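Trainee: The structure under discussion is supplied below as C-alpha coordinates; questions concerning it will follow.
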Amino acid sequence: MRKYILSHEKKVLRAFEILPGFFSWNMILLPYWGIFVFPNFIAYFILLFNIYWFYQSFLVAITSVISHLKIQAAINYDWMADLKTFKDFKDVNHLMRTEILNLKF
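Plus 102 on top of the position in the sequence shown (first one is 1) and you've got this note's numbering.
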(Lines of atoms letter the chains of each structure in order from A; the text may use other names.)
(Lines give C-alpha, C1' and ligand atoms only; values in the text may rest on other atoms or scores of the structure.)
Protein backbone atom coordinates (compact mmCIF):
# COMPACT_ATOMS: atom_id res chain seq x y z
CA MET A 103 0.00 0.00 0.00
CA ARG A 104 2.78 2.38 0.96
CA LYS A 105 4.59 1.62 -2.28
CA TYR A 106 1.45 2.41 -4.32
CA ILE A 107 0.88 5.70 -2.46
CA LEU A 108 4.47 6.79 -2.97
CA SER A 109 4.43 5.92 -6.67
CA HIS A 110 1.07 7.68 -7.31
CA GLU A 111 1.42 10.55 -4.88
CA LYS A 112 -0.35 13.20 -6.98
CA LYS A 113 -3.36 10.99 -7.69
CA VAL A 114 -3.68 9.99 -4.03
CA LEU A 115 -3.46 13.61 -2.87
CA ARG A 116 -6.06 14.62 -5.45
CA ALA A 117 -8.37 11.85 -4.20
CA PHE A 118 -7.98 13.14 -0.63
CA GLU A 119 -8.77 16.65 -1.86
CA ILE A 120 -11.94 15.42 -3.57
CA LEU A 121 -13.25 13.30 -0.67
CA PRO A 122 -14.60 16.09 1.61
CA GLY A 123 -16.53 17.75 -1.20
CA PHE A 124 -17.76 14.41 -2.51
CA PHE A 125 -19.13 13.40 0.89
CA SER A 126 -20.60 16.85 1.52
CA TRP A 127 -22.44 16.95 -1.79
CA ASN A 128 -23.68 13.40 -1.33
CA MET A 129 -25.05 14.26 2.12
CA ILE A 130 -26.79 17.34 0.69
CA LEU A 131 -28.24 15.51 -2.32
CA LEU A 132 -28.96 12.20 -0.55
CA PRO A 133 -32.61 13.04 0.28
CA TYR A 134 -33.30 13.83 -3.39
CA TRP A 135 -31.79 10.81 -5.13
CA GLY A 136 -32.02 8.45 -2.17
CA ILE A 137 -35.83 8.36 -2.08
CA PHE A 138 -35.78 6.32 -5.29
CA VAL A 139 -33.18 3.84 -4.06
CA PHE A 140 -34.02 3.30 -0.36
CA PRO A 141 -37.00 5.42 0.76
CA ASN A 142 -37.32 3.96 4.29
CA PHE A 143 -33.71 4.78 5.12
CA ILE A 144 -34.16 8.34 3.83
CA ALA A 145 -37.34 8.81 5.87
CA TYR A 146 -35.54 7.73 9.06
CA PHE A 147 -32.50 9.80 8.11
CA ILE A 148 -34.60 12.96 7.71
CA LEU A 149 -36.47 12.21 10.94
CA LEU A 150 -33.25 11.74 12.90
CA PHE A 151 -31.73 14.81 11.25
CA ASN A 152 -34.68 16.94 12.37
CA ILE A 153 -34.60 15.50 15.89
CA TYR A 154 -30.87 16.18 16.14
CA TRP A 155 -31.19 19.84 15.08
CA PHE A 156 -34.21 20.35 17.33
CA TYR A 157 -32.10 19.04 20.22
CA GLN A 158 -29.22 21.36 19.25
CA SER A 159 -31.52 24.39 19.08
CA PHE A 160 -32.99 23.44 22.45
CA LEU A 161 -29.46 23.30 23.94
CA VAL A 162 -28.61 26.71 22.48
CA ALA A 163 -31.80 28.18 23.93
CA ILE A 164 -31.11 26.72 27.39
CA THR A 165 -27.47 27.83 27.44
CA SER A 166 -28.39 31.32 26.26
CA VAL A 167 -30.88 31.65 29.13
CA ILE A 168 -28.25 30.41 31.59
CA SER A 169 -25.70 32.85 30.14
CA HIS A 170 -28.16 35.71 30.42
CA LEU A 171 -28.77 34.89 34.09
CA LYS A 172 -25.01 34.73 34.75
CA ILE A 173 -24.47 38.09 33.04
CA GLN A 174 -27.25 39.67 35.09
CA ALA A 175 -25.75 38.22 38.28
CA ALA A 176 -22.33 39.64 37.34
CA ILE A 177 -23.88 43.06 36.64
CA ASN A 178 -25.66 43.12 39.99
CA TYR A 179 -22.62 41.89 41.96
CA ASP A 180 -20.74 44.52 43.99
CA TRP A 181 -17.26 44.05 42.59
CA MET A 182 -15.70 46.99 44.45
CA ALA A 183 -16.80 45.63 47.83
CA ASP A 184 -15.27 42.28 46.93
CA LEU A 185 -12.10 43.97 45.71
CA LYS A 186 -11.74 45.99 48.90
CA THR A 187 -11.41 42.78 50.92
CA PHE A 188 -7.84 42.53 49.59
CA LYS A 189 -5.40 44.65 51.58
CA ASP A 190 -3.42 46.04 48.62
CA PHE A 191 -6.01 46.12 45.85
CA LYS A 192 -4.94 49.58 44.65
CA ASP A 193 -1.43 48.33 43.86
CA VAL A 194 -2.77 45.41 41.88
CA ASN A 195 -5.12 47.72 39.99
CA HIS A 196 -2.19 50.01 39.13
CA LEU A 197 -0.05 47.06 38.10
CA MET A 198 -2.76 45.81 35.75
CA ARG A 199 -3.13 49.22 34.13
CA THR A 200 0.63 49.48 33.68
CA GLU A 201 0.79 46.10 31.96
CA ILE A 202 -2.06 47.00 29.62
CA LEU A 203 -0.48 50.35 28.74
CA ASN A 204 2.86 48.71 27.92
CA LEU A 205 1.38 46.33 25.35
CA LYS A 206 2.84 46.64 21.86
CA PHE A 207 0.52 46.19 18.90
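Beta carbons are placed, not taken as given, at the ideal position from N, Cα and C, and that holds for glycine. Owing to the predicted nature of the structure, the values given are computational and were not obtained by experimental measurement.
Mapping DSSP to helix, strand and coil, what is phenylalanine 140?
Mentor: Mapped onto the sequence shown, residue 140 falls at position 38. Three-state result, phenylalanine 140: coil.
Trainee: Quick one: Cα of phenylalanine 118 to Cα of isoleucine 144, how far?
Mentor: The residue labelled residue 118 in the question sits at position 16 within the sequence shown. The residue labelled residue 144 in the question sits at position 42 within the sequence shown. Going by the C-alpha atoms only, they are around 27 angstroms apart.
Trainee: Assuming valine 114 and isoleucine 120 make a contact with CB atoms under 8 angstroms, what is their CB distance in whole Å?
Mentor: Taking the sequence shown and counting its residues from 1, the one referred to as residue 114 is at position 12. Taking the sequence shown and counting its residues from 1, the one referred to as residue 120 is at position 18. The pair is not a contact, with the Cβ atoms about 11 angstroms apart (cut-off 8 angstroms).
Trainee: Cα separation between phenylalanine 125 and alanine 175?
Mentor: Walking along the sequence shown from the start, residue 125 turns up at place 23. Walking along the sequence shown from the start, residue 175 turns up at place 73. Spanning the two alpha carbons is a distance of roughly 45 angstroms.
Trainee: Can you give the Cα-Cα distance for serine 169 and aspartate 180, rounded to whole angstroms?
Mentor: Translated into positions along the sequence shown, residue 169 becomes position 67. Translated into positions along the sequence shown, residue 180 becomes position 78. Computed Cα separation, rounded: 19 angstroms.
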